[in-house]
Ligand SMILES: [Zn+2]
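Numbering (this note's numbering), first residue to last: 25 to 384.
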């Protein structure tokens, strides 16, 4: 799925070619790609583009006049892509979803106008277009914090607002904007943090390191993609040879040379370096656990729930060895994890220690 760096570069190119131009019309190859009925698409025709911006992972093309703006909100999902073609270019068969035709406009960077094509090279058609007014646009905002430009304090507050694994927190669009599976892998590698570490267990230093890593990774990648885009970004993909860990299962870690590992769930996978990120521990993989016990969670949500139940049962004291051990998912099946990694403390001993502390 195109994430912040790819979407930012799309936004820059679409803005350079469309701001100041009138949208002559929108052609739809499939009626299903348009997910709104009111206002009708014809309400957008003839309006001039006043701005293009990113909303999470979506691209928003704003049509004037100001005060009565309409917004075309395009979500590329996994396989949606843009192409820029000459005016009136046909929508490509099979992959083509829609075309946005822009009129010529003198005095703009690309006065000739042209057609922005929306394609989706997948049998699952998930990419979408919404046409909304200002209130409709606000309703489409998932509310994630823009980490670039946010302070460490704001970032920490958002990170600590819910307790999740880092992988899930970073990729939750309600918490953070524009980060998906690929760049979260890269960010966690850069920060040397486990994808399944819980956000409630991060200290201030770790949060500052994570915040800095997000800046470094997203800024460097946006710059790189900007340089590579040329006339218009054509090679948008979540898998790039320069990535450190994402899509690199089995390849040597660029930092330490050990093979990159993975956690697989449903139709996705996360990549990490065990030596650099998890103190050498292998995080259990669903296919591995099927061989062993067949009980590994399919999603990060399930994994979190499982950890939560395990902790509630064992209730290790904060800072104890058991508590630290529970912040990692070991490579053993869950039954062994609860038996070995988080042994329940004898209740009477816990009580007597607390009592002893209280009496001091
Ligand atoms: Zn490594």
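Just so you know, even glycine gets a beta-carbon here, dropped at the ideal spot from N, CA and C.
Own chain, CB closer than 8 Å to residue i, minus 5 neighbours either side, in chain order
{"i": "residue 87", "result": "47, 68, 71, 72, 73, 74, 93, 94, 95 and 96"}
{"i": "residue 278", "result": "268"}
{"i": "residue 33", "result": "246, 249, 250, 253 and 257"}
{"i": "residue 165", "result": "79 and 80"}
Residue i versus residue j - alpha carbon distance
{"i": "residue 108", "j": "residue 141", "result": "6 Å"}
{"i": "residue 105", "j": "residue 260", "result": "7 Å"}
{"i": "residue 236", "j": "residue 244", "result": "12 Å"}
{"i": "residue 80", "j": "residue 28", "result": "7 Å"}
{"i": "residue 1", "j": "residue 193", "result": "Examination of residue 1 is not possible in this model, given that the chain is present from 25 through 384 alone."}
{"i": "residue 159", "j": "residue 215", "result": "38 Å"}
{"i": "residue 389", "j": "residue 41", "result": "Nothing in the structure corresponds to residue 389, since the chain is present only between 25 and 384."}
{"i": "residue 178", "j": "residue 98", "result": "28 Å"}
{"i": "residue 63", "j": "residue 251", "result": "38 Å"}
{"i": "residue 25", "j": "residue 303", "result": "30 Å"}
{"i": "residue 276", "j": "residue 82", "result": "34 Å"}
{"i": "residue 49", "j": "residue 161", "result": "20 Å"}
{"i": "residue 281", "j": "residue 240", "result": "22 Å"}
{"i": "residue 176", "j": "residue 184", "result": "12 Å"}
{"i": "residue 199", "j": "residue 170", "result": "9 Å"}
{"i": "residue 220", "j": "residue 229", "result": "18 Å"}
{"i": "residue 383", "j": "residue 288", "result": "Since pLDDT at residue 383 reaches only 43, below the 50 mark, its modelled position is unreliable, and no value is offered."}
{"i": "residue 263", "j": "residue 212", "result": "16 Å"}
{"i": "residue 90", "j": "residue 163", "result": "19 Å"}
{"i": "residue 301", "j": "residue 168", "result": "25 Å"}
{"i": "residue 174", "j": "residue 197", "result": "16 Å"}
{"i": "residue 189", "j": "residue 204", "result": "14 Å"}
{"i": "residue 43", "j": "residue 58", "result": "22 Å"}
{"i": "residue 226", "j": "residue 265", "result": "31 Å"}
{"i": "residue 65", "j": "residue 305", "result": "53 Å"}
{"i": "residue 182", "j": "residue 117", "result": "44 Å"}
{"i": "residue 385", "j": "residue 291", "result": "Since the first residue shown for the chain is 25 and the last is 384, residue 385 is missing from the structure and cannot be characterised."}
{"i": "residue 54", "j": "residue 130", "result": "32 Å"}
Per DSSP, the bridge partner or partners of residue i
{"i": "residue 295", "result": "286"}
{"i": "residue 51", "result": "123"}
{"i": "residue 216", "result": "Looking at the DSSP assignment, residue 216 forms no beta bridge with any residue, so it has no partner."}
{"i": "residue 222", "result": "189"}
{"i": "residue 109", "result": "139"}
{"i": "residue 46", "result": "72"}
{"i": "residue 200", "result": "169"}
{"i": "residue 144", "result": "104"}
Own chain, CB closer than 6 Å to residue i, minus 5 neighbours either side, in chain order
{"i": "residue 76", "result": "35, 38, 39 and 85"}
{"i": "residue 270", "result": "206, 209, 210 and 295"}
{"i": "residue 293", "result": "286"}
{"i": "residue 137", "result": "45, 111, 126, 127 and 128"}
{"i": "residue 146", "result": "103"}
{"i": "residue 180", "result": "231"}
{"i": "residue 132", "result": "44"}
Residues near residue i by beta carbon distance below 7 Å, same chain, minus five either side
{"i": "residue 272", "result": "284 and 295"}
{"i": "residue 56", "result": "149"}
{"i": "residue 187", "result": "222, 223 and 224"}
{"i": "residue 274", "result": "283 and 284"}
Nearest neighbour of residue i, chosen from the options [CA to CA]
{"i": "residue 267", "options": "288, 183 and 242", "result": "242"}
{"i": "residue 172", "options": "234, 188 and 98", "result": "234"}
{"i": "residue 30", "options": "120, 101 and 112", "result": "101"}
{"i": "residue 122", "options": "278, 139 and 134", "result": "139"}
{"i": "residue 61", "options": "156, 145 and 33", "result": "156"}
{"i": "residue 217", "options": "112, 134, 153 and 238", "result": "238"}
{"i": "residue 246", "options": "230, 202 and 278", "result": "202"}
{"i": "residue 255", "options": "134, 90 and 115", "result": "134"}
{"i": "residue 307", "options": "191, 204 and 262", "result": "191"}
{"i": "residue 113", "options": "131, 265, 52 and 288", "result": "52"}
{"i": "residue 115", "options": "131, 130, 43 and 144", "result": "144"}
{"i": "residue 124", "options": "130, 227, 153 and 226", "result": "153"}
{"i": "residue 151", "options": "182, 119 and 131", "result": "119"}
Original post:
At which residue ranges does the stretch 254 to 292 contain complete beta strand (DSSP E) runs of 3 or more residues, listed in the order of the chain?
Top reply: The stretch 254 to 292 contains these whole beta strand (DSSP E) runs: 285 to 289.
Subject >> Complete alpha helix (DSSP H) runs within the stretch 148 to 173 (minimum length 4 residues, chain order) >> reply: Secondary structure within the stretch 148 to 173: the alpha helix (DSSP H) runs of 4 or more consecutive residues, fully enclosed, are 158 to 164 (chain order).
**OP:** Starting from the N-terminal side, write out each stretch of the beta strand (DSSP E) that is 3 residues or longer and does not extend beyond the stretch 54 to 105.
**Re:** Within the stretch 54 to 105, the complete beta strand (DSSP E) runs of at least 3 residues fall at 73 to 79, 82 to 87 and 94 to 99.
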